[in-house]
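Working notes for the structure below.
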Amino acid sequence: MAIRKVIIGNHAVSWGVQLARAEVIAAYPITPQTQVVEALSEMCASGDLDARFIKVESEHSAMAACIGASATGARAFTATSSQGLALMHELLHWASGGRHPIVMADINRALGPGWNIWTDQTDSLAQRDTGWVQLYCETNQEVLDTTIMAFKLAERVNLPVMLVLDAFYLSHTAEPVEIPDIAEIDAFLPKRDAKLKLDTSDPHSFGALVKPDAYMEMRLALQQAMREARVVFDEIEEEWEQQFGRRYGAVEADYTEDAEIVIVAAGTMVSTARHVVEQRRAAGERIGLVKVKMFRPFPTETLRAALRGVAKVAVLDRNLSPGHGGIFAEEIRSGLYEVPPDDRPKVFGYVLGLGGRDIRPETIGSIIDRTRAAAAPEREDLWVGVEA
Amino acid sequence: MSEIGPRDLSVSSTTTEMNRTGSWKYIRPVYHDRVAPCNERCPVGIDIEGYMNLLREDRIDEAVDLLLRENPMPAVTGRVCDHPCEQACNRCGLDGAVAIHAVERMLGDRALERPYPAAPLRQREQVGVVGSGPAGLACAYHLARLGYPVTVFEAAREPGGMLRLGIPEYRLPRAVLDLQLDRIRELGVNFVCGVRLGGDLQWNVLSWFDAVFMAPGAHLPRPLGVPGEGHARVRQGLDFLADVNGGQRPDVGGRVLVIGGGNTAMDCARTARRLGGAVSVMYRRTRAEMPAIAEEIQDAEAEGVSLEFLAAPVAFHPLDAGVLDAEFERMVLGEPDASGRRSPVPTGERFRTRADLVLLATGENASIESLPLNVDIERGAIRVDELGTTTVRAFFAGGDAAGHERTVAHALGAGKRAALGIDRYLRQARGERELRDPVQTRVASGNLSMTRWRGDDPVRRVDPVEEVVGPADVNLTHFAPAARHADHKPNGETATTFVEVNLGLSAADALAEAHRCFNCGVCNECELCLIYCADVAIRRTEGGARFEIDLDYCKGCGVCAEECPRGAISMTREGL
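From first to last, the protein sequence lines stand for chains E and U. Following this note's numbering, the numbering of the first sequence begins with -13 at its first residue and continues without gaps. Following this note's numbering, the numbering of the second sequence begins with 5 at its first residue and continues without gaps.
Structure, rendered in structure tokens:
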């Protein structure tokens, strides 16, 4: 029987991992992630989760342990944030290149200095090119559902999956969450069946030297796996919806059909934007909303379909690629470039909410007003709510 | 959906077994069982680690047998030994020593529940033992187990020596001591009591024996040399203890002063306290220098005994009605003396205190008054080598009369060494050749091993080396903290009876303590090496016991030796 519990976002991850019957969990604590693995360690200790919990001395080791476990065919999980994710960087490539279906929760947190534990998407977006699937979440229910679906997706396409949630706004905020019965999850997500795995009775080398004559083919296989991930994700969501009645979409588009201006966002600021869009719609303004859940593989076609013909798109970036601007805006501009000029929206980029700075309804309201007033985007993305 | 293939993630098409990573190494690991520090430190020479390892598998009877190979009376030592083993325990570096003393007591009590392993008579030579204290008993016991007919002579009416005369019942119940003696008697040891060397037992009678072990003990009063010590109310502490231990209940009057800081002083104080005295222990140094067992000092204080430090007696002045005025000089601590303890230095300041009874517990001299002149004496004790050999052929000696470390454990160790010496002497006299030297059975730098002398160790050890596992050799990260079981459980009664004070550990708690043991230096097949070996080069042997290393694939990284929790793997260049 499914139960309903009021739980924080971090524990929604823990519940998801338990229901997914992860077999190896290796992690190093870091705020605001620690509660995820703290709850999992308790589940392991109590026997509620039959997994090996490995305490390690760093995030680099955590990912290494997950890779080792995954290589033997085990279902492996870890969680981290910010500096911890940055420390893993080398092994993130190894996880994807080795085609290890590891699932990791990254609790978005700003990178220091200045030392900052609050939310900011730069940590996960900085790992854009490591070959991990990235799925952003808006609510605790979505966190739990995505955690379980992430394992299925990872194991279907042999790619690691990072699920991403905002520090504190989600990680430490309690919401009612429906927790499915584990028997239902067992039906949805059977035990992992690894085709290629380490076997001491038939030893082979894994990840050894690959010469120029074969390396490109390996990378192409990785790229193809990413393409497949885009398709398989929709299939998995379809299956999830049939079994549990919920789906989120790689991209969610609301009121975009007739919209003059569409807000594009990811993470918890989507909820704030929803509220503002509803108010504006009630006042008769034609404002729409696009939520980007999947960042890698980038759902280019889906976004083009949602935004084609819209006059202006305002992208909210709680992140920064210094020297360029907001990373979502950059990706969306690139994705829309092939839309014929008549249907191609003008993309207005806004950088805001860095390091956990609050994004209020009026913040988003001012962005809508500014976008409407401007004839064309500025040369650089605009910074919202900063002291001049 | 495309199926993932070896080319997608760089998996070798052939087996990697052809890559003999073992060719890379310049050092290799070897399993070497080493010596646990407790084993080395035990004055008796007990294989403590060995019986802990058996207890870990709940093999209690085998643990008892292993213990009895070196120690004839674990029920006694489990109660009165000062357990230096625990100070050496590597678990001190984590959460407190394993309660070895309490585990030994549990095993000792278990040993009393059934006859000792039979010791059939196999030798012709007769051995005489003078003195039935722990040294004499140990020598007789080990010789009986080696198959010799042994006769023990004891001056007192009952055997036991200092165990019976000196140690109070509340520490060592007579029922336990009697059972312990029964067990030794059942091995065929013949006891002749009430005969004193130089009296009923003449020296030339002993020469009828093929070998003699002399362990007369140390019972002679050592005069303080202060005026008034001949007064009737100034008594030798040991005489007082012998009276009470023999069943007498003398009137101690109101106020009792005990002079001394050792175990005899604590025994006197706590005994006098049980007889209704208000007891003060007067010691010329301070608490830190007291030779008494720490638990005994704590118990004495808990029972209401007061301790006065830096006070040395200078005179006892008789007053009316048998009361004394005891005069002391105040001391200060000076430089360390030969024992390493800071010595007392007189200040000239004196004080007096009234006493109804003064008990002297400042040490005794060896009972060597009846020995023939050709037995060499050195610093007041019989001169012996490590095997108890004296300057007289066929005469061996040990215990308090021949040693300066006067504990039950040292006496048991000395008696065992003499048994080794006598066995070798008799076998040589019989014409046996190529006997090895018993000192080669030494456990690292500790005592000699009867098991090694007999060559029938029931514990299989792998390429043992005489190296002690120190704190740096154990890997504490692999041990979860587990609190030590309080091994000192008071019986709950006040200090008015002679009922045993310490109830010891339950069998379950004692077994739990055995699980706290690191098994220092000895592989207990925890399998960590197997898990840590990155080349999967370690596997169980064909028989399933212990492990073997496949040198074709071991690349000599040393992780197994580094991670081994108990220092049972070392790295070597040998054989490469």
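Glycine included, every Cβ here is placed at the ideal spot set by N, Cα and C.
So which residues on chain U does residue i lean against when the C-beta distance must stay under 7 Å?
i, result
"Asp188(E)", "Thr19"
"Ala207(E)", "Asp12"
"Ala194(E)", "Ser14 and Ser16"
Apart from the five residues on each side of it in sequence, which residues of its chain come closer than 6 Å, Cβ to Cβ, to residue i?
i, result
"Gly339(E)", "Arg304 and Ile345"
"Glu170(E)", "none"
"Gly112(U)", "Pro78, Ala79 and Gly82"
"Glu9(E)", "Ala37, Ala60 and Arg61"
"Asn451(U)", "Gly49 and Gly417"
"Arg294(E)", "Val325 and Asp329"
"Ala142(U)", "Pro76, Leu416, Gly419 and Lys420"
"Ala406(U)", "Ala385, Ile386 and Val388"
Whose C-beta lies closer than 7 Å to the C-beta of residue i among residues of the same chain, with five residues either side of it excluded?
i, result
"Glu124(E)", "Gly253, Thr254, Val256, Ser257 and Lys277"
"Gly371(E)", "Leu338, Arg343 and Thr349"
"Ser374(U)", "Leu201 and Gly202"
"Ile3(U)", "A question about residue 3(U) goes unanswered here, because the residues of chain U that appear run from 5 up to 580."
"Phe137(E)", "Ala6, Arg61, Val89 and Leu175"
"Glu552(U)", "Arg543 and Thr545"
"Glu307(U)", "Arg274, Arg277 and Ala499"
"Pro475(U)", "Asn94 and Gly97"
Can you pull the chain E neighbours of residue i, defined as C-beta to C-beta under 8 Å?
i, result
"Glu7(U)", "Lys181"
By the 10 Å Cβ neighbour count, where 16 or more other Cβ atoms means buried, how is residue i classified, buried or exposed?
i, result
"His105(U)", "buried"
"Gln127(E)", "buried"
"Leu439(U)", "exposed"
"Ala(-12)(E)", "exposed"
"Trp104(E)", "buried"
"Asn495(U)", "exposed"
"Val131(U)", "buried"
"Ala65(E)", "buried"
"Ala173(E)", "exposed"
"Gly140(U)", "buried"
"Val299(E)", "buried"
"Asn378(U)", "exposed"
"Glu364(E)", "exposed"
"Met135(E)", "buried"
Helix, strand or coil for residue i, going by three-state DSSP, please let me know.
i, result
"Trp226(E)", "helix"
"Met280(E)", "strand"
"Val503(U)", "coil"
"His321(U)", "strand"
"Met90(E)", "strand"
"Pro254(U)", "coil"
"Thr133(E)", "helix"
"Arg543(U)", "strand"
"Arg226(U)", "coil"
"Leu337(U)", "strand"
"Arg260(E)", "helix"
"Gln127(E)", "helix"
"Glu368(U)", "strand"
Give the residues of chain U in contact with residue i, contact being defined as C-beta atoms less than 9 Å apart.
i, result
"Met204(E)", "Arg11, Asp12, Leu13 and Ser14"
"Ala200(E)", "Arg11 and Ser14"
"Ser32(E)", "Correct list: empty, because the minimum Cβ distance to chain U is about 17 Å."
Check the Cβ of residue i against every Cβ in chain U and list those closer than 8 Å, keeping chain order.
i, result
"Ser47(E)", "Those do not exist, as Ser47(E) stays about 14 Å from chain U at its closest Cβ, beyond 8 Å."
"Ser44(E)", "Going along chain U, no residue has its Cβ under 8 Å from Ser44(E), so there is no contact; the nearest lies around 16 Å."
With a threshold of 8 Å between beta-carbons, can residue i be considered close to chain C, or not?
i, result
"Ser307(E)", "No chain C appears in the structure shown, which is made up of the protein chains E and U."
Excluding five sequence neighbours on each side, which residues of the same chain lie with their C-beta closer than 8 Å to the C-beta of residue i?
i, result
"Pro254(U)", "Phe244, Asp247, Val248 and Leu279"
Checklist entry - Residues in the region 533 to 567 of chain U with C-beta within 8 Å of chain E's C-beta atoms, listed in sequence order? => result Val540
Checklist entry - Between the region 78 to 104 of chain E and chain U, which residues of the former have a C-beta closer than 9 Å to a C-beta of the latter? => result Gly83, Gly84, Arg85 and His86
Item to check | Members of the region 141 to 168 of chain E near chain U, C-beta cut-off 7 Å | outcome: Asn144
Checklist entry - Which of the residues in the region 51 to 81 of chain E, read from start to end, lie with their CB under 7 Å from any CB of chain U? => result none
Next on the checklist: What are the residues in the region 14 to 29 of chain E lying within 7 Å of chain U by C-beta distance?
Outcome noted: none
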